[in-house]
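Okay, structure first, notes after.
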Amino acid sequence: MPENESGYLHHGRFWDGDLEDEQVGWLAARFATIDMLDIYDAPITRASIQHLTSVKQLKELRLKDCTALQDDCVADLARIKGLELLHLGGTGVTLDGLLELRGDCLQTVFISSDLSTPLIQDRLRLLALSLPGCEVVVNHHPPHVFLGDVV
Numbered sequence: 025m026p027e028n029e030s031g032y033l034h035h036g037r038f039w040d041g042d043l044e045d046e047q048v049g050w051l052a053a054r055f056a057t058i059d060m061l062d063i064y065d066a067p068i069t070r071a072s073i074q075h076l077t078s079v080k081q082l083k084e085l086r087l088k089d090c091t092a093l094q095d096d097c098v099a100d101l102a103r104i105k106g107l108e109l110l111h112l113g114g115t116g117v118t119l120d121g122l123l124e125l126r127g128d129c130l131q132t133v134f135i136s137s138d139l140s141t142p143l144i145q146d147r148l149r150l151l152a153l154s155l156p157g158c159e160v161v162v163n164h165h166p167p168h169v170f171l172g173d174v175v
């Protein structure tokens, strides 16, 4: 399989379980630059995220309802180069797990949480420190819904 030296993918969209770890590995090997990868309700695991760390630039990664993804993939997510938007809604990644995320380019993260409002507020304050300049949207609500105007 050739290394991802020159391939470019503007928008890859894979919905309703039609993508697995092996195919993500193929995409990562084929494309050096991916503007947006939109994966919905697929049985991908941490192995897929590890494959994506080899991509030279991936701007948007949407992993909606990929329930096999858990907190153990966050360290690998942090290694993805150029990541600006990350959608983890409906995954097993928690706000506590997200505290391990780092990313110089990261502007927006979407995540689901069943924590109480006070606990969400606490995690958002911590995330504001670890991810400065990044908006963390919880359960489709921007941070100011939980925190008011002060972060």
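Heads up: the sequence shown runs through residues 25 to 175, numbered per the working numbering.
In this text, a Cβ means the ideal position worked out from N, Cα and C, and glycines have one as well.
Next on the checklist: Looking only at its chain, what residues have a beta carbon closer than 6 Å to the beta carbon of M25, apart from the 5 residues adjacent to it on each side?
Outcome noted: Interpretation of M25 is limited by its pLDDT of 41, a score under 50 that renders its predicted location unreliable; the figure taken from the coordinates is listed afterwards. Excluding sequence neighbours, M25 sits near A53.
Checklist entry - First and last residue of the alpha helix (DSSP H) that includes E46? => result From DSSP, the alpha helix (DSSP H) with E46 extends over D45 to R54.
Checklist entry - Would you call the segment 114 to 125 and the segment 154 to 166 touching, i.e. three or more CB-CB distances under 8 Å? => result The way I'd put it, the segment 114 to 125 does touch the segment 154 to 166; three or more beta-carbon pairs between them come closer than 8 Å.
Next on the checklist: As a quick exercise: from L139, G127, G31 and F170, pick the residue whose alpha carbon is nearest that of A99.
Outcome noted: Answer by Cα proximity: G127.
Checklist entry - Should D40 and A66 be called a contact, given that it needs their Cβ atoms to be closer than 9 Å? => result Contact: yes.
Item to check | Presumed contact (8 Å Cβ cut-off) between K80 and L107, rounded CB distance | outcome: That belief does not hold up - the Cβ atoms of K80 and L107 are roughly 12 Å apart, past 8 Å.
Item to check | Three-state secondary structure assigned by DSSP to I144 | outcome: Assigned with DSSP and collapsed to three states, I144 falls in helix.
Item to check | Exposure of S140, with buried meaning 16 or more beta-carbon neighbours within 10 Å | outcome: So S140 counts as exposed.
Item to check | Buried or exposed (CB count within 10 angstroms, at least 16 for buried), Y64 | outcome: Buried: at least 16 other Cβ atoms inside 10 Å.
Item to check | Proximity to M60 [Cα-Cα], best of V169, H168, H111 and S30 | outcome: Ranking V169, H168, H111 and S30 by Cα distance to M60 puts H111 first.
Checklist entry - Leaving out the 5 sequence neighbours to the left and right, which residues in its chain are closer than 8 Å to A56 when beta-carbon positions are compared? => result Excluding positions up to five away in sequence, the list reads N28, E29, S30, G31, Y32, V79, K80 and Q81.
Checklist entry - Which value, in whole angstroms, describes the spacing of the CA atoms of H35 and I73? => result Each residue's Cα considered, the two are about 17 Å apart.
Checklist entry - When the distance is taken between beta carbons, is L148 closer than 9 Å to L171? => result Yes, Cβ-Cβ distance for L171 and L148 is below 9 Å.
Checklist entry - Cα separation between R70 and L109? => result The straight-line gap from Cα to Cα measures roughly 18 Å.
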